[in-house]
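**Q** Sharing a structure here in structure tokens format.
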Amino acid sequence: MQLYDCGFIFATIQLQIMTLVTRRDIFQAIADPTRRAILALLAVQMMTPNAIAEKFDSSRQAVSKHISILTECGLVGQQQAGREIYYHLNVSEMKTLDAWLEPFRQLWADRFDQLDDLLNNL
Amino acid sequence: MSSTNETKIVKDPSGKKLTVTRAFNAPVAKVWQAWTERALLEKWWAPKPWLAETKTMDFKAGGFWLYAMVSPEGERHWNKVDFHTVDAENSFTATAIFCDENGKPLEDFPAMHWKNQFTADGAGTTVTSEISFDSTTGFDKIVQMGFEGGFTMAQGNLDELLAE
Chain A
1 MQLYDCGFIF ATIQLQIMTL VTRRDIFQAI ADPTRRAILA LLAVQMMTPN AIAEKFDSSR
61 QAVSKHISIL TECGLVGQQQ AGREIYYHLN VSEMKTLDAW LEPFRQLWAD RFDQLDDLLN
121 NL
Chain E
123 MSSTNETKIV KDPSGKKLTV TRAFNAPVAK VWQAWTERAL LEKWWAPKPW LAETKTMDFK
183 AGGFWLYAMV SPEGERHWNK VDFHTVDAEN SFTATAIFCD ENGKPLEDFP AMHWKNQFTA
243 DGAGTTVTSE ISFDSTTGFD KIVQMGFEGG FTMAQGNLDE LLAE
């Protein structure tokens with residue numbers, strides 16, 4: 001069973017390239033389990049880099065690298081409070097991520113509406 | 123009967139699986155038929171204005187469905203669905219790929235693994251489709267294509283509206 005068909009892809013190859021360029025980074029950012037765990041922590045509260053690092057077994061440098069990837073793609077923002085830097089979840093970017101699934105859901109919803117029509121006449 | 127049933131999609135945290143859930147106002151036997159019989163599948167599978175055209179359909183464990191999505195201009199894109207397990211009016215599993223007209227897989231397109239469950243729900247049926255991918259890259263690409271699909275389809279619907 002297909003979710004879509006490749007005709008759509010060829011028909012909109014240009015758009016695909018554009019969206020690949022702008023979106024790829026976010027999906028790569030969330031592909032990593034440690035980075036998803038960091039996002040989950042920040043969803044609850046703002047945290048300093050030390051506080052985040054303490055939650056993981058990996059080295060501080062490794063955690064720091066993950067944080068910088070999340071910061072670069074805009075999923076995580078930072079703010080200074082006194083001497084400390086606090087990281088927070090960038091909620092609007094997270095919404096973008098969810099919005100990404102919406103047209104996909106719509107494709108299925110339309111297909112299933114056609115199935116409803118068919119079932120009504122079966 | 124109304125067709126206001128909502129299509130829900132849940133993304134698995136692993137990034138490799140989507141679960142699509144949808145209720146239908148028809149008994150399991152009918153819904154199962156619509157998902158597994160060639161002539162019926164062709165009536166709903168392709169989002170308008172595309173048509174689904176079957177070359178081969180052998181719905182059984184080890185069988186496959188080879189079909190083309192046909193554009194209004196007659197452009198054909200081939201897809202193949204290999205059926206792995208079939209438990210009549212209950213569930214089936216399959217792997218879907220993009221291919222040429224002989225079913226030879228196209229490079230660079232991710233395979234999708236399907237588990238479709240049909241559950242009686244009062245007088246109706248709930249269909250739960252677990253769609254998994256071999257990698258998160260595959261997942262990204264599918265979601266990406268879904269986006270393109272939705273976009274193109276919206277354009278197609280607009281064309282139809284404007285032609286009225």
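Chain order of the listed sequences is A and E.
Letter 120 of the first sequence, counting from 1, is numbered 120 in my numbering, and no numbers are missing.
Take any residue in the second sequence, note its place counting from 1, add 122, and you have its number in my numbering.
Using N, Cα and C, we set each Cβ at its ideal position, and we do this for glycine too.
Determine the chain E residues that contact L122 of chain A at a beta-carbon separation under 8 Å, and present them in chain order.
**A** A148, K152, Q155, A156 and L162
**Q** Can you find a C-beta in chain A that's less than 7 Å from the C-beta of T217 of chain E?
**A** Cβ-Cβ to chain A under 7 Å: no for T217 of chain E.
**Q** According to DSSP, is P33 of chain A helix, strand or coil?
**A** helix
**Q** What are the uninterrupted segments assigned as alpha helix (DSSP H) that are 4 or more residues long and contained completely in the segment 146-193 of chain E, given in chain order?
**A** 150-158 and 160-166
**Q** Based on the DSSP output, what are the partners of I131 of chain E in its beta bridges?
**A** E:V142
**Q** Can you tell me where the alpha helix (DSSP H) with A210 of chain E in it begins and where it stops?
**A** Per DSSP, A210 of chain E is not a residue of any alpha helix (DSSP H), being assigned neither H nor E.
**Q** Using a C-beta to C-beta distance shorter than 9 Å, which residues of chain A count as neighbours of T248 of chain E?
**A** Under the 9 Å cutoff, chain A gives no residues; its nearest Cβ is about 12 Å from T248 of chain E.
**Q** Distance cutoff 7 Å, beta carbons only. Does L119 of chain A sit that close to anything in chain E?
**A** yes
**Q** Per DSSP, what kind of secondary structure is P227 of chain E in: helix, strand or coil?
**A** strand
**Q** Among the residues of its own chain, which have a CB less than 8 Å from the CB of P149 of chain E, if the five just before and after it don't count?
**A** A242, A245, G246 and T247
**Q** Given this structure, state the Cα-to-Cα distance separating K130 of chain E from R83 of chain A, to the nearest angstrom.
**A** 45 Å
**Q** When you compare the CB positions of E164 of chain E and A174 of chain E, do they come within less than 7 Å of one another, or not?
**A** The Cβ atoms of E164 of chain E and A174 of chain E sit closer than 7 Å to each other.
**Q** Which same chain residues, not among the five before or five after D222 of chain E, have their C-beta less than 8 Å away from its C-beta?
**A** W200 and L228
**Q** Could you work out which residues of chain A lie near V208 of chain E, taking near to mean beta carbons separated by less than 7 Å?
**A** Near V208 of chain E there are no residues of chain A at all, since even the closest Cβ is about 13 Å away, more than 7 Å.
**Q** State the start and end residues of the unbroken beta strand (DSSP E) segment that holds S120 of chain E.
**A** Residue 120 of chain E lies beyond the range of chain E shown here (123 to 286); nothing can be said about it.
**Q** Find the residues of chain E that neighbour Q114 of chain A, judging by a C-beta separation of less than 7 Å, and give them in chain order.
**A** W166
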